[in-house]
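Protein chains: 4
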Amino acid sequence: MTPHEPRDPDFAARVRASFERQLFMATLGARLVRVEPGEVDLELPVRTELTQQHGFLHAGALASVADSACGYAALSLMPAGAAVLSVEFKINLLAPAAGDRVLAKGRVIRAGKTVTVCWGEVVAFSETTETTETTGTTATTERLAATMVWAMMTVEGRGLAD
Amino acid sequence: MTPHEPRDPDFAARVRASFERQLFMATLGARLVRVEPGEVDLELPVRTELTQQHGFLHAGALASVADSACGYAALSLMPAGAAVLSVEFKINLLAPAAGDRVLAKGRVIRAGKTVTVCWGEVVAFSETTETTETTGTTATTERLAATMVWAMMTVEGRGLAD
Amino acid sequence: MTPHEPRDPDFAARVRASFERQLFMATLGARLVRVEPGEVDLELPVRTELTQQHGFLHAGALASVADSACGYAALSLMPAGAAVLSVEFKINLLAPAAGDRVLAKGRVIRAGKTVTVCWGEVVAFSETTETTETTGTTATTERLAATMVWAMMTVEGRGLAD
Amino acid sequence: MTPHEPRDPDFAARVRASFERQLFMATLGARLVRVEPGEVDLELPVRTELTQQHGFLHAGALASVADSACGYAALSLMPAGAAVLSVEFKINLLAPAAGDRVLAKGRVIRAGKTVTVCWGEVVAFSETTETTETTGTTATTERLAATMVWAMMTVEGRGLAD
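Structure below.
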């Protein structure tokens, strides 16, 4: 993927403001941790309230943060005043999202006039602490939990803005 | 789609018990409203806590109930003791999920030895009340908000059960 | 799916003329066997030249006829002068496409202002002949080989027409 | 993506032999140009016989080479004796495949016990020659025409081998 040029110099502030209005992200407990042109990362701590029947993060929660990460990666490249409408996404679940937190990364593959396509990844992190008599060491293992392909349409002049 | 024969006579109780353990469904506020062999419906009232930046139901919330509806449609046809692992799904967002509630329908297209494929639909319902001097009429309009194709693997003998 | 209203009264002739220009369909040996508003069927005889390593129809040949069936189902509802650009599709391969011929059915799920979404199915037919001393009976078995979800954008005023 | 370890030392010969048996690849005119563990490239010259109605490479032809590239990337990591069954793929069409030839690259994202997921890309190449009085220069432009996500199941003990 090649570096992207933002068309709105205030892209980062715009992404942050729109993210604040996504109340579902607050319900999940997701945080915006990186906003670059065409690249957005969200972090989600794993909590019991977000689990499926085996105690892992529900695939829907995982898809939700990947969807928002991709959507904001796309929005970061939009001209001021344009709105973003998700058209479709596909997620492949590669491993149970066990662990303490997940990082959802959205990356623009191609920003077209009408259609923008993104790639998403969700990485699960587990921290394990080994304690000896005097010290404790924390090791972090990470695992690719899911990949996403995501597409949207640019909408201008329909009374919507992001 | 042809009618399906359940292989576990207690499929409905099993689906209901597993749904209760999906704590994320309670967090969303989703309810199981129909369990038949190969067919499961979930209902989700639209609440402010579940919205995206334009005030519509977040695509991730919508995908979450469609994913669970498909997963339980698949589980309803599994032999006792087998577990269900979502492998992938794809959602097409056809219209904003405006309105008061959505109904997510999961239907088994094909139940194979290893792979089961389901079709999901999310319908959004809006109720509008017209009041005249003496009476009030409530009209419900419905709209297809999203479609899903969903696939899973049957897992036996890995220490998992649903 | 609800019945569709064509916006171009000459939709059938237009679909047939465009199909004739798809030289790849002739290379495969596919024939247009049904053109109704929002519904198009293609038939493809299975030949050795179209097989994969196990002697079944190659998944790509199967996807090709399903893609064209969906594309023409979409085109049948377009206003005169609009062009159709495939945006993406997803295929689930449910069973090997064994047999003598396949039928690819494209059906419009939703025809939007900009995005049209179709559902595709590929059914494989096998004919088996049982001969007794005096007579022969031919039995045809059919099997769902693949399903497709397919999306396109309407393009007007870019110098393209279908 | 991390480097992959082949489990069959003869993976390259096995991939080449299986590719030779895919008669559809010969019908298209595709050639195997790279076989590494988890990475396979196919090249397809664009010919009139493979086009759609606007004269571009048909999306189905493009999907066919991407499907085979992904399938052989997956096969390159399989133990001897295992067979590969495509389960599903999704393709996003980013730009018309104009030009002289396309290169389809298949890359393994994750090789699991049962499910293997690949990423595919199709790049279109155009060669333009500028001639001056005495010399000619050839410039090659390349464009990402499509991306694919592809999944398969490993099958052992069903009488199939690749």
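Quick note, the sequences are listed as chains A, B, C and D, same order. For what it's worth, this note's numbering labels the leading residue of the first sequence as 1, then goes sequentially. For what it's worth, this note's numbering labels the leading residue of the second sequence as 1, then goes sequentially. For what it's worth, this note's numbering labels the leading residue of the third sequence as 1, then goes sequentially. For what it's worth, this note's numbering labels the leading residue of the fourth sequence as 1, then goes sequentially. Cβ atoms here follow ideal geometry from the backbone N, Cα and C, with glycine treated the same way. Since the structure is predicted, the reported quantities are computational estimates derived from the model, not experimental observations.
Test: residue i CB closer than 8 Å to a CB of chain D
| i | result |
| --- | --- |
| Thr27 (chain C) | yes |
| Val84 (chain B) | no |
| Thr138 (chain C) | no |
| Ala63 (chain C) | yes |
| Ser126 (chain C) | no |
| Val172 (chain A) | Nothing can be reported for residue 172 (chain A), as the shown portion of chain A is limited to 1 through 162. |
In DSSP terms, what residue i is bridged to
| i | result |
| --- | --- |
| Asp41 (chain B) | B:Arg34 and B:Lys105 |
| Cys70 (chain D) | In DSSP, Cys70 (chain D) forms no bridge with anything. |
| Leu57 (chain A) | A:Thr51 |
| Arg7 (chain A) | BP columns for Arg7 (chain A) are empty, so no partner. |
| Ala111 (chain D) | D:Thr116 |
Cβ of residue i within 8 Å of any chain A Cβ
| i | result |
| --- | --- |
| Val87 (chain B) | yes |
| Ala151 (chain C) | yes |
| His58 (chain B) | yes |
| Asp48 (chain B) | What sits at residue 48 (chain B) in the sequence shown is Thr, not Asp. Yes - at least one Cβ of chain A is within 8 Å of the one on Thr48 (chain B). |
| Pro41 (chain B) | Here the sequence assigns Asp to residue 41 (chain B), which means Pro is not the residue at that position. Chain A, which has no Cβ nearer than 8 Å to the Cβ of Asp41 (chain B), makes this no. |
| Val117 (chain D) | yes |
Opening and closing residue of the beta strand (DSSP E) in which residue i lies
| i | result |
| --- | --- |
| Ala83 (chain C) | Ala83 to Leu93 |
Residue interval of the alpha helix (DSSP H) (run including residue i)
| i | result |
| --- | --- |
| Thr23 (chain B) | Per the sequence shown, residue 23 (chain B) should be read as Leu rather than Thr. Leu23 to Leu28 is the extent of the alpha helix (DSSP H) around Leu23 (chain B). |
C-beta neighbour in chain G for residue i, strict 8 Å
| i | result |
| --- | --- |
| Thr51 (chain B) | No chain G appears in the structure shown, which is made up of the protein chains A, B, C and D. |
Beta carbon proximity, residue i to chain C, threshold 8 Å
| i | result |
| --- | --- |
| Thr114 (chain A) | yes |
| Thr147 (chain B) | yes |
| Arg110 (chain B) | yes |
| Leu94 (chain B) | yes |
| Ser76 (chain D) | no |
| Asp67 (chain D) | yes |
| Arg101 (chain D) | no |
| Asp162 (chain D) | yes |
| Arg14 (chain D) | no |
| Arg143 (chain D) | no |
| Arg21 (chain D) | yes |
| Val33 (chain B) | no |
Residue-level contact to chain B via CB, residue i, 8 Å cutoff
| i | result |
| --- | --- |
| Lys90 (chain A) | yes |
| Phe24 (chain A) | yes |
Heavy atom of the ligand NAD within 7 Å of residue i beta-carbon
| i | result |
| --- | --- |
| Asp8 (chain A) | The ligand content of the structure shown is nil, which means the ligand NAD is not present either. |
Nearest-angstrom beta carbon gap, residue j and residue i [assumed within contact, 8 Å]
| i | j | result |
| --- | --- | --- |
| Thr141 (chain C) | Ser126 (chain C) | 5 Å |
| Val84 (chain C) | Met78 (chain C) | 6 Å |
| Ala124 (chain D) | Ala104 (chain D) | With 8 Å as the limit, Ala124 (chain D) and Ala104 (chain D) do not qualify as a contact, their Cβ atoms being about 10 Å apart. |
| Ala61 (chain A) | Leu75 (chain A) | In fact, because the Cβ distance is near 21 Å, the residues do not count as touching under 8 Å. |
| Arg101 (chain C) | Pro45 (chain C) | 5 Å |
| Ala73 (chain B) | Glu39 (chain B) | 6 Å |
| Thr147 (chain C) | Gly120 (chain C) | 7 Å |
| Gln53 (chain A) | Asp41 (chain B) | Not quite, the Cβ-Cβ distance comes to about 18 Å (not below 8 Å), so this is no contact. |
| Ala95 (chain D) | Arg143 (chain D) | 5 Å |
| Ala69 (chain A) | Val155 (chain A) | Rounded, the Cβ-Cβ distance is 20 Å, inconsistent with contact. |
| Phe89 (chain A) | Ile91 (chain B) | 6 Å |
| Val35 (chain D) | Arg16 (chain D) | 7 Å |
| Met152 (chain B) | Val115 (chain D) | The Cβ separation is near 11 Å, so there is no contact. |
| Leu93 (chain D) | Ala59 (chain D) | 6 Å |
(request) Output the residue ranges of the alpha helix (DSSP H) runs that lie fully inside the region 116 to 156 of chain A and measure 4 residues or longer, sorted by chain position. (result) none
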